[in-house]
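Numbering (UniProt numbering), first residue to last: 1 to 299.
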């Protein structure tokens with residue numbers, strides 16, 4: 001499968017240099033193609049990226065459909081469409097084997113959210129007597145109060161903090177930067193972590209500017225953030241499956257419920273399209289009735 005790896009490497013460089021995508025996004029695109037490579041290897045199918053046809057792709061998708069849900073299946077198909085479109089674009093192929101492949105319809109799932117009480121309970125369950133307690137509190141406060149993606153959280157640098165102006169600089173998808181407001185209470189917890197915990201750590205070379213560090217003085221991983229949240233949810237017997245993204249969903253929902261406009265929320269979340277932000281319009285009917293009664297001229 002060396003031939004596949006060669007074209008995959010070229011494709012990764014294209015995503016990185018031509019399209020300016022983040023490493024996380026490139027990894028996800030590559031993972032979709034590697035699934036197809038694994039399928040070909042397991043079934044001893046000797047077809048190169050330039051010769052593989054629609055029939056083989058259909059066999060792969062049929063097998064995939066028995067392993068993953070419709071959402072994951074749609075993502076893999078989307079990744080493959082992008083890869084083969086690149087091969088056509090570079091004149092490696094005349095056509096794409098994905099042209100007639102349909103993406104399964106996926107219902108728009110409303111994101112899970114936490115109430116403000118649940119968020120307070122989760123953060124309140126952090127053991128501040130432990131070495132990483134202050135870090136975890138500052139981390140979750142930042143995640144919720146700024147509505148960050150977990151990748152944005154672990155990539156935060158000391159040089160991204162503009163507390164005098166009341167903002168943090170966030171590097172999001174495609175290395176696009178935005179400034180997000182950060183509240184005084186969150187600033188307080190970040191400063192406590194910096195001045196009382198981080199200052200005493202032995203920091204590894206190359207990580208001096210990273211805000212959130214692990215015990216070894218290196219950048220905190222996304223997996224560690226998931227683990228911290230999962231352990232806290234178990235600790236308070238929270239009957240919900242949550243992740244770092246749940247804090248982001250809750251951030252947007254609570255802003256919307258309290259009267260913030262969708263455009264402002266879009267800018268803070270770093271969504272390129274307003275339609276992505278519209279998924280947060282899952283408000284109860286009572287709230288919508290109140291909006292109508294308060295703002296419509298024919299109330």
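By construction, the Cβ of each residue, glycine as well, lies at the ideal position given by its N, Cα and C atoms.
Do the CB positions of residue i and residue j come within less than 8 Å of each other?
i: residue 137; j: residue 189; result: yes
i: residue 247; j: residue 80; result: no
i: residue 156; j: residue 244; result: no
i: residue 22; j: residue 174; result: yes
i: residue 118; j: residue 232; result: no
i: residue 163; j: residue 187; result: yes
i: residue 24; j: residue 151; result: yes
i: residue 201; j: residue 210; result: no
i: residue 77; j: residue 52; result: no
Leaving out five residues on either side along the sequence, give the residues of the same chain with a beta carbon under 7 Å from the beta carbon of residue i.
i: residue 286; result: Below a pLDDT of 50, predicted positions are generally treated as unreliable, and residue 286, at 49, falls in that range; the measurement from the model is reported next regardless. Nothing meets the Cβ criterion.
i: residue 123; result: 137, 140 and 141
i: residue 166; result: 181 and 182
i: residue 11; result: 83 and 86
i: residue 135; result: 193, 197 and 212
i: residue 19; result: none
i: residue 284; result: Note that residue 284 scores a pLDDT of 45, beneath 50, so its modelled location is shaky and nothing firm can be said.
i: residue 16; result: 26
i: residue 254; result: 116
i: residue 47; result: 40 and 56
i: residue 264; result: none
Let me make sure I understand the geometry here. Which of the options has the alpha-carbon closest to that of residue i?
i: residue 104; options: 64, 112 and 221; result: 64
i: residue 204; options: 128, 217 and 226; result: 217
i: residue 93; options: 49, 225 and 250; result: 49
i: residue 235; options: 125, 221 and 33; result: 125
i: residue 120; options: 129, 91 and 229; result: 229
i: residue 113; options: 69, 240, 263 and 264; result: 240
i: residue 33; options: 66, 98, 257 and 90; result: 98
i: residue 30; options: 43, 6, 44 and 129; result: 6
i: residue 171; options: 129, 268, 195 and 227; result: 268
i: residue 207; options: 158, 44 and 35; result: 158
i: residue 272; options: 177, 242, 131 and 67; result: 177
So the beta strand (DSSP E) residue i belongs to, where does it begin and stop?
i: residue 169; result: 167-171
i: residue 180; result: 177-181
List the whole-angstrom C-beta distance separating residue i from residue j, where the pair is believed to meet the contact cut-off of C-beta under 8 Å.
i: residue 8; j: residue 54; result: Actually they are not in contact, since the Cβ atoms of residue 8 and residue 54 sit about 20 Å apart, beyond 8 Å.
i: residue 4; j: residue 57; result: That pair is no contact at about 14 Å.
Start and end of the alpha helix (DSSP H) containing residue i?
i: residue 263; result: 262-269
i: residue 83; result: 70-89
i: residue 44; result: Element bounds for residue 44: n/a, residue is neither H nor E.
i: residue 233; result: 222-235
i: residue 132; result: Unbroken run through residue 132: none, as it is neither H nor E.
i: residue 200; result: From DSSP, residue 200 is part of no alpha helix (DSSP H); its letter is neither H nor E.
i: residue 112; result: Note, residue 112: premise wrong, no alpha helix (DSSP H); not H, not E.
i: residue 150; result: 150-154
i: residue 62; result: 54-65
i: residue 97; result: Run containing residue 97: none; DSSP gives neither H nor E here.
i: residue 244; result: 244-257
Within a Cβ cutoff of 6 Å, which residues of the same chain sit near residue i, ignoring the five residues on either side of it in sequence?
i: residue 127; result: 133
i: residue 251; result: 144 and 147
i: residue 185; result: none
i: residue 259; result: none
i: residue 160; result: 168 and 169
i: residue 225; result: 150 and 244
i: residue 59; result: none
i: residue 179; result: 167 and 169
i: residue 261; result: none
Please return the same chain residues whose Cβ sits closer than 8 Å to the Cβ of residue i, not counting the five positions on each side in sequence.
i: residue 96; result: 81, 84, 85, 87 and 88
i: residue 221; result: 154 and 214
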